[in-house]
Structure formats: structure tokens, C-alpha cells
Amino acid sequence: MKRAYFLILLLLSYCVLNAEVRVLASVSKLRIALDEQLTYTIRIVGDDAFRMDDPEAPRITGMAFRNMLSSSSSSISFSGGKRSREVTKEYQYVFLPSKPGVFNIPVQSVKVDGRLYSTKAFKIEVVSAQGGRAAIPTPAVPNNPFDPFSWDDEAFGGMDNRALGDVALICIPGSRRVYKGEPVVISYYLYSTQAVGSFQLEAEDDFPGYGKSVYFQPNKLDYEKAQLKGKPYLRALIKQLVLLPNATGQIQVPQLSGSARVYDYGYQNRQLRSEPSFIQVLPLPAGKAPASFTGAIGNFNVTESLTPRIVKLGEAVTYRLTIEGRGNFNQFTAPELRKADGIQSSAPQITDNLNGGVDGKRTVFYTIIPEKEGNLVQPELEFSWFDSGSGTYKTFRSGKATITVKPGNVLSYFSDMLSGDDPRELRPLLPRQQYHNYTQYPATVWWWLIIILTLVAGGFSAFLAWESSLRTRDPQRYSLIMSQRILNRYFKEAQLASQSLSVDFYSLAEAGLMKFLAEKYKLSGRLSNPEKLEALANLSIPEEDIELLRSFIDKCQRARFMPGGMDASVLGEDLGMLQTIVRSFIRKNRGTGGNA
Amino acid sequence: MKRLFSLMLILLPILVFAAQKSAVPGHQDFRKELAELEAIKSKGVQSPDLYYNIGVCQARLNQESEAILSFLRCLNLNSAHKPARANLEYLISLSNDSQLYPQRQFISSQMLDLYDWFSINRSSLAVLILLLLSVACMHWLLHHHQDREKGLPILLLIVCGVLLLSFNSLLITKVYRMNHNRKAVIVQGSVIMRAEQQPESRSIRTLHRSLIVQVAQQEGDWARIILPNGNSGWVKSSDLERVSK
Numbered sequence: 002m003k004r005a006y007f008l009i010l011l012l013l014s015y016c017v018l019n020a021e022v023r024v025l026a027s028v029s030k031l032r033i034a035l036d037e038q039l040t041y042t043i044r045i046v047g048d049d050a051f052r053m054d055d056p057e058a059p060r061i062t063g064m065a066f067r068n069m070l071s072s073s074s075s076s077i078s079f080s081g082g083k084r085s086r087e088v089t090k091e092y093q094y095v096f097l098p099s100k101p102g103v104f105n106i107p108v109q110s111v112k113v114d115g116r117l118y119s120t121k122a123f124k125i126e127v128v129s130a131q132g133g134r135a136a137i138p139t140p141a142v143p144n145n146p147f148d149p150f151s152w153d154d155e156a157f158g159g160m161d162n163r164a165l166g167d168v169a170l171i172c173i174p175g176s177r178r179v180y181k182g183e184p185v186v187i188s189y190y191l192y193s194t195q196a197v198g199s200f201q202l203e204a205e206d207d208f209p210g211y212g213k214s215v216y217f218q219p220n221k222l223d224y225e226k227a228q229l230k231g232k233p234y235l236r237a238l239i240k241q242l243v244l245l246p247n248a249t250g251q252i253q254v255p256q257l258s259g260s261a262r263v264y265d266y267g268y269q270n271r272q273l274r275s276e277p278s279f280i281q282v283l284p285l286p287a288g289k290a291p292a293s294f295t296g297a298i299g300n301f302n303v304t305e306s307l308t309p310r311i312v313k314l315g316e317a318v319t320y321r322l323t324i325e326g327r328g329n330f331n332q333f334t335a336p337e338l339r340k341a342d343g344i345q346s347s348a349p350q351i352t353d354n355l356n357g358g359v360d361g362k363r364t365v366f367y368t369i370i371p372e373k374e375g376n377l378v379q380p381e382l383e384f385s386w387f388d389s390g391s392g393t394y395k396t397f398r399s400g401k402a403t404i405t406v407k408p409g410n411v412l413s414y415f416s417d418m419l420s421g422d423d424p425r426e427l428r429p430l431l432p433r434q435q436y437h438n439y440t441q442y443p444a445t446v447w448w449w450l451i452i453i454l455t456l457v458a459g460g461f462s463a464f465l466a467w468e469s470s471l472r473t474r475d476p477q478r479y480s481l482i483m484s485q486r487i488l489n490r491y492f493k494e495a496q497l498a499s500q501s502l503s504v505d506f507y508s509l510a511e512a513g514l515m516k517f518l519a520e521k522y523k524l525s526g527r528l529s530n531p532e533k534l535e536a537l538a539n540l541s542i543p544e545e546d547i548e549l550l551r552s553f554i555d556k557c558q559r560a561r562f563m564p565g566g567m568d569a570s571v572l573g574e575d576l577g578m579l580q581t582i583v584r585s586f587i588r589k590n591r592g593t594g595g596n597a
Numbered sequence: 130m131k132r133l134f135s136l137m138l139i140l141l142p143i144l145v146f147a148a149q150k151s152a153v154p155g156h157q158d159f160r161k162e163l164a165e166l167e168a169i170k171s172k173g174v175q176s177p178d179l180y181y182n183i184g185v186c187q188a189r190l191n192q193e194s195e196a197i198l199s200f201l202r203c204l205n206l207n208s209a210h211k212p213a214r215a216n217l218e219y220l221i222s223l224s225n226d227s228q229l230y231p232q233r234q235f236i237s238s239q240m241l242d243l244y245d246w247f248s249i250n251r252s253s254l255a256v257l258i259l260l261l262l263s264v265a266c267m268h269w270l271l272h273h274h275q276d277r278e279k280g281l282p283i284l285l286l287i288v289c290g291v292l293l294l295s296f297n298s299l300l301i302t303k304v305y306r307m308n309h310n311r312k313a314v315i316v317q318g319s320v321i322m323r324a325e326q327q328p329e330s331r332s333i334r335t336l337h338r339s340l341i342v343q344v345a346q347q348e349g350d351w352a353r354i355i356l357p358n359g360n361s362g363w364v365k366s367s368d369l370e371r372v373s374k
């Protein structure tokens, strides 16, 4: 067992020792012009993953190191049933020549997996720029041959990089002494003497005594030259905040922190935090504020304009108030124009062109419409603010410009037509002595009554149309319906008359019965009752029914016309007789389908 | 006699002009007039002319948001009230948020004008007339001789029927909208419209006094409003005054 372990260990160490690593170096050109750049590449190729630190940039006399890029890749291939892997790491160093001549790129040592590898040296010839191309300016201070970051850029001219070599986040308040409510811009800069790849803002710590908003947030590091404690730096703006102090005394401004990716013989992250910074907040002078002061504090410049000064009646004049400067514009409530005789003025209309709400320009427009002709004085306006520069309250009062209003002419009417229906003035009061509740028609009775009557009329018309159509389409059914209707009406009345023992029973019974039969058997209305009975007898109606009908009609005649012919005691009996006759004829109707 | 007539003709315009001049009340008069009108309103009188005159007085006294509310109430009762519509448009054009109101195309503005012209009462009368015409056409069609051509009565009946249905729908819509008016006016100087119904939620924009909005939802002290440009957000209900109380 021990032998087996020993064997495995031997094999492993053989494999490790056999893992081949190659370190190669190359340059983009061996001869370059003064305005060209040189790329020096170190490539490390291995069969398996390897551990190594980023190699240092070579120190080349007469050339300035500009930038370093690194990349890595791996590939696996199968050849002849054998698997092989290749891992490559590449470092590219960019240099800019600073003067003509021949320069050496020395041998570079690269440590891979604990073993030291060396690259070959190169000799580079730098010639002057050709074809009118500008040569790179010579630095004011000779480059330090031992510092790979000895920038030749003018921005770094005269900078002793070795002495600085640092990165810091610095907070700069726009003012150290402000009044309560006066906005102050706090700027945060990244000061650096090194190449900073990026900066990541991570936290923003707040303290009591202010409200804040973002004034400016750049999206890239834009460097500019700056001095800090007498030393030159490059600085980039990270963020600008606006603080609105709401307490007096000393207040601490927000602290920012983040990480910068700096190059220091290889990229690394540096945690940065701005130093604590304070501003002194002063109270406003007590008891001196004018009545028209609304809380605006800052440095403002106010101008006004009134155009046109000569108008025709009905035309509008625009009064423009422009407030420029820096301060808390949000406290600058647009003042109202005072009421003036013969002038109607609108509410203010505000147009802002402000940066972060604290500096820029605010324009307030007023539309003034003269209501009468003549020379009118513009409406007055007044407002105040606290001038932080002088520490005093200032008040603006509008001028007393005169507007000349001429009578309207024919052209004024045309201009109205062209301008459409846009209202230019307020319509006047309506002369009303009394105000009554406004009646909505759907809430009135008459409206619904008309609706119902119209619908009923429509329904009745439809019914009539249906009857008319039935008379044409099916005359027999129509006559049956009509006779039935007549019978119903007279029979009902006859019944009522019999119940009240009235002699009217016989007249109603006779008339109803004969009309019913005339309608049913299509007999002429001009025929007398005996003639109708005669006509019925000629139809295919049983003799006994005719006889019964005849006897009932005779009875009716007697009761109606013979003195003492009516006997109230037999009224019930006669009603029964009438019912029998009607039933027999209705039954006949059902049986024969109404055919006469 | 001719001279007398000429003199009268000359004097007449002067007198009319003088009468108009004297009819325009002063600042104090508007205050007095407004107090009288408010007293009538407090008795429960619902009259478009009353709301209109209240609105005019309020506008003259620089109470724009109240004036806009009064004109909206006038138009809620009678959408065809032309002076109220004109004054409302005038005050809107002067308001701080006038750019939020949509600029309508000619055709759509004409259609909206037509919609407003048909107030509830005009729509009611139109419904009555069209119902009568429809019934008359139906009567004509039903009692038309069978052998005659029926094209014309059928066409007229269809036209009247379609118009009747349209005006009926219009009337129902108008009555519903009058009784459920969702319009409201911002009555505070400047109001922050927020994304949620919480004071600390993200602010969308600042609204100014006199802006007309639609109340889409009411939750506790907060109301979700829709601006004339279609954007929506939450504001405190106390910052609004609704047209229909």
C-alpha cells in the first residue's frame, strides 16, 4: 500500500514538473514615430491553470507608460484520442515615446507557479513625427525613469508623482457660512495622482439640520487640474448636492464613501470616504422682514418688461417678470398683480429654467387686458426676498408704465375672427332678478306623460293595423272575433239588466243576439229581425235552433212593446234561455269552424 | 319730425353704451353681489345662472379655483351654458397648468361642442320628437296600402329609430354623468401628486391651484386623480373640491 502511494506521488510530481509553461514577449513595432504608441505584450501559455501575479510594466527610458490591459482564455482540444488543454494570459502595456532615439525594453521576469521565467529584450527606435503630425509635447519636468506612471500629459506637467501617489475623496461646500433656508451646493471630488479606472459610490451618510436634493450627478470621470494643499492633482467631480439648512448653528454636511479602482502595479480597489465637513448656518435678521417676504433667500436680479405699450381695446398686453440668480426659488411664490382701474389681469404663469431648483432663471408672465380706452397705469406688484450677499431684505416694486388703449377698429374684428373662439376676457354677469331651480325635463311628469301617450298611441295603431290585416288575410276569423266581441259586450249588459230586473234586458238581449248572428253569418245590417231569421233558416242551421231563437225574439218583442208583456219573475228563466241559444250557436261555430 | 328721429338714433347708442358701462360693477360691488348670490345658493337653489354669476364674481375677486368650480357646477346642470363655457376656457388659459390640457383637433373639438350643446333638456326634447316621428313612421308603415311601395316609410322608420336610440343613449349618459360627476378642482396653492397614497412616496409632479382633474378612486384621505393629459397619481382629498358634493 505504501508503495502504491509512493508511486502515485512520483507520478503526480512528474506531471506537475512536466506541465509546460511558456512566457513570450512581443512588441507591436520595432520602429515607431514620435506620435505613435507602442504596445508591449507578455503572453503566458500553459497546459493547465497556473497561478501568477500581474507582471510589472517594463521601465523604458524615453517612453511613458499609458495603460495596461489584461485578458485570459482557455481552450480544450482532442487529437488522436488525446485531450489537451491550453490556458493563455496576456498583458498589454501601452507606451508613448517622448523623444526620438533608440530605447531598450529590458528583460522582464515573470513568476508563474513559483517558477521564474524571463522574456527577451527589445530595441525600439523612435523617430520624429512625419507628415506634419504634431509631436507629443516634451514634459516640463524630465520623466522619472523609475516611475512607470510618469505621465507626459500636460495635465501632469510639473507634478512630482512620487511625492503624491494617492487618491482621496474631498468634500467642498459652496459656502461655509449661509443663512437658514439659503441653498448651498456641496461638491464631492475625487482627487488623484494615479490612473483611476472607475469609482463606485456606495454610501451617503446624512446628518440632522438640512434638507437635500441632488444638484448634479456626472456619469463619467471628467478630470481637471487642481491644487490641493499646494500640490497639483487631477480631480473629477463625483456628485453635487444642494443642502437647504433648516436649523441654525454648525451642521455637518453628508459624508460620501465608495471604492476607486486604481492601478498600482496592477488594478486594486481602494475604499474612500470624504472627511467630515461643516457649514455655519446663520439666522435671518429678526423682526425686519417686509410684509411681502415669502421666504426667498439668495442672490437675485429682477427685471420687468411690458409689451406692447400701445394696444387697441380688446387686445392683450404681456407683463413679464424675470428673476435670475441663485437661491431657494421654490419660496419665490409668484406675486399677484394688484387690481387696477380699467384693467383685468390674469393669474401668474411661471416658466422655470433652473438647475437643481436653485440657480437659473424664473420668468413669470401676466396677461393684462384693458377694459376701457385711454391711458391706463399698469397694475402694481411687490415682493421681497433676503439678499444673502448683503445680508439685507430687498423689495422689488413694479414700475408705473402707462398703457395706451385705443378704440378697436374693423381690423380688430378681423383679428378676432382669425384667432378663433379663444376667449380673451371674462363674460359679464347675467342680469337676473330671480333664480329658479333648473328643471330637468326627464324629471317632469309631462315629459313622461307624452312618452307614455305616444307609446300607447303606437300600440293602438299597431293593434288597428293587425285587425285590418286580419280582415284581409282571414275574414272568417276576423268576423268570429268581432261577433264574439259584440256578444260579450251585450251579454254582459243583459246579465246586469236581468240582475236589476230591468226591462232593458230584452232590448239588450235582442240587439246583442241579432248583431252577433249578423256578424257571425255575414247578414246585412239593414235586414229586419224577421228577415234575418228567414235568412238564417235558409242556412244549414237546425230547425229547432231557429225555432228557439224565433220564440226568444218574440218574447223580447212582447216584453218591450206589449203593455204588461214583461214579467219580472221570469227574467231569470229568459236569461237561461238566452244562454242556451248563445251556447248552441257558439258550439255550432266551434263544430263548423264558423262556416255559415 | 325727421330731426327728432335723427336725434333719437344718435342718442340711442350713447344711452346703450352708458348703460353697459354703468352695469359693470366695481370690486366692492362684486363682493356684495357674491354675498347675495351665496345666500340664495344656501337656500338650496340649483340654477346654472346662479352658479355662473357666482363664478363671475369669484373670478373678478381673483378667486380662480372657486370660480372654475362654480362654472363647472353651472355646466354640470346645463352643459349648453355658453357664457359659462367661455369663462371656464378663459380661466383655464390663464391657469398655471394650462399646458396640461390637451389641444384637440378641429373635428374632435366640434364634436365635443355638439355634445355639450345637447344638454339634458335639449336631449330630452330630441328624444320626444324622435319618438313621435318614429311612432308616426310606424303608423304610416303599418297602415300603408299593401299594394304600394313601402321603401320610404321603412327608411324613415329606420332613420328615426336609430336617431331615437342614439339620443336616448346620450340622454342616459348625460343624466348619469350629471349625478356622478367625477370632476374636481385643485384648491390648494401647490399640491404634490404622489405615486402612492403615502406622504413619503415618490412625487410625480407639482400641481397648482385651479387645475381640473378627474377623481378615479377614493381611499381614506387620499384620492387617485387623473390629470387632463392622462397622467394619474395620488393627492390628499383635502386638496381637492369636487363638483358634485
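Going line by line, the protein sequences match chains X and B.
Heads up: the first sequence begins at 2 in the working numbering, then just goes up one per residue.
Heads up: the second sequence begins at 130 in the working numbering, then just goes up one per residue.
By construction, the Cβ of each residue, glycine as well, lies at the ideal position given by its N, Cα and C atoms.
Quick caveat, the model's predicted, so the values are computed rather than measured.
Measuring only the C-alpha atoms, how far is residue i from residue j?
{"i": "X/Tyr94", "j": "X/Thr323", "result": "56 Å"}
{"i": "X/Lys401", "j": "B/Gln239", "result": "43 Å"}
{"i": "X/Thr368", "j": "X/Asn438", "result": "36 Å"}
{"i": "X/Val583", "j": "X/Ala536", "result": "18 Å"}
{"i": "X/Ser74", "j": "X/Met53", "result": "15 Å"}
{"i": "X/Gly358", "j": "X/Trp386", "result": "16 Å"}
{"i": "X/Leu31", "j": "X/Glu126", "result": "6 Å"}
{"i": "X/Val111", "j": "X/Leu222", "result": "33 Å"}
{"i": "B/Ser199", "j": "B/Val174", "result": "14 Å"}
{"i": "B/Asn182", "j": "X/Asp342", "result": "21 Å"}
Just tell me which of the options has its CA closest to the CA of residue i.
{"i": "X/Arg262", "options": "X/Val168, X/Gly315, X/Ser278", "result": "X/Val168"}
{"i": "X/Pro284", "options": "X/Gln256, X/Ala248, X/Thr455", "result": "X/Ala248"}
{"i": "X/Ile61", "options": "X/Lys124, X/Lys30, X/Thr440", "result": "X/Lys124"}
{"i": "B/Gln192", "options": "B/Arg160, B/Asn297, B/Arg202", "result": "B/Arg160"}
Where do the ends of the alpha helix (DSSP H) carrying residue i lie?
{"i": "B/Glu193", "result": "193–206"}
{"i": "X/Asn105", "result": "Counting along the chain, X/Asn105 falls outside any alpha helix (DSSP H), though it belongs to the beta strand (DSSP E) covering 102–106."}
{"i": "X/Lys493", "result": "476–500"}
{"i": "X/Phe330", "result": "From DSSP, X/Phe330 is part of no alpha helix (DSSP H); its letter is neither H nor E."}
{"i": "B/Tyr219", "result": "211–223"}
Assign residue i to one of three DSSP states: helix, strand, or coil.
{"i": "X/Leu113", "result": "The question names Leu, yet the displayed sequence has Val at residue 113 of chain X. Three-state result, X/Val113: strand."}
{"i": "X/Leu242", "result": "strand"}
{"i": "X/Val46", "result": "strand"}
{"i": "X/Ile61", "result": "coil"}
{"i": "X/Ala466", "result": "helix"}
{"i": "B/Phe247", "result": "coil"}
{"i": "X/Ser291", "result": "Sequence inspection shows Pro at residue 291 of chain X; the Ser mentioned does not correspond to that position. In this structure, X/Pro291 counts as coil in the three-state DSSP scheme."}
{"i": "X/Ala335", "result": "coil"}
{"i": "X/Glu87", "result": "strand"}
Would you say residue i faces chain B, with C-beta separation under 7 Å as the test?
{"i": "X/Gln441", "result": "yes"}
{"i": "X/Leu431", "result": "yes"}
{"i": "X/Gly459", "result": "yes"}
{"i": "X/Arg428", "result": "yes"}
{"i": "X/Ile451", "result": "yes"}
{"i": "X/Ala348", "result": "yes"}
Is there a Cβ of chain X sitting closer than 7 Å to that of residue i, yes or no?
{"i": "B/Ala168", "result": "no"}
{"i": "B/Asn216", "result": "yes"}
{"i": "B/Gln175", "result": "yes"}
{"i": "B/Ala209", "result": "no"}
{"i": "B/Asp226", "result": "no"}
{"i": "B/Tyr230", "result": "no"}
{"i": "B/Met267", "result": "yes"}
{"i": "B/Ser253", "result": "yes"}
{"i": "B/Tyr219", "result": "yes"}
Over what stretch of residues does the beta strand (DSSP E) that includes residue i continue unbroken?
{"i": "X/Asn530", "result": "It is not in any beta strand (DSSP E) - X/Asn530 instead sits in the alpha helix (DSSP H) that spans 530–539."}
{"i": "B/Lys312", "result": "312–315"}
So, does the CB of residue i fall closer than 7 Å to a CB anywhere in chain A?
{"i": "B/Asp158", "result": "Any reference to chain A falls outside this structure, whose protein chains are X and B."}
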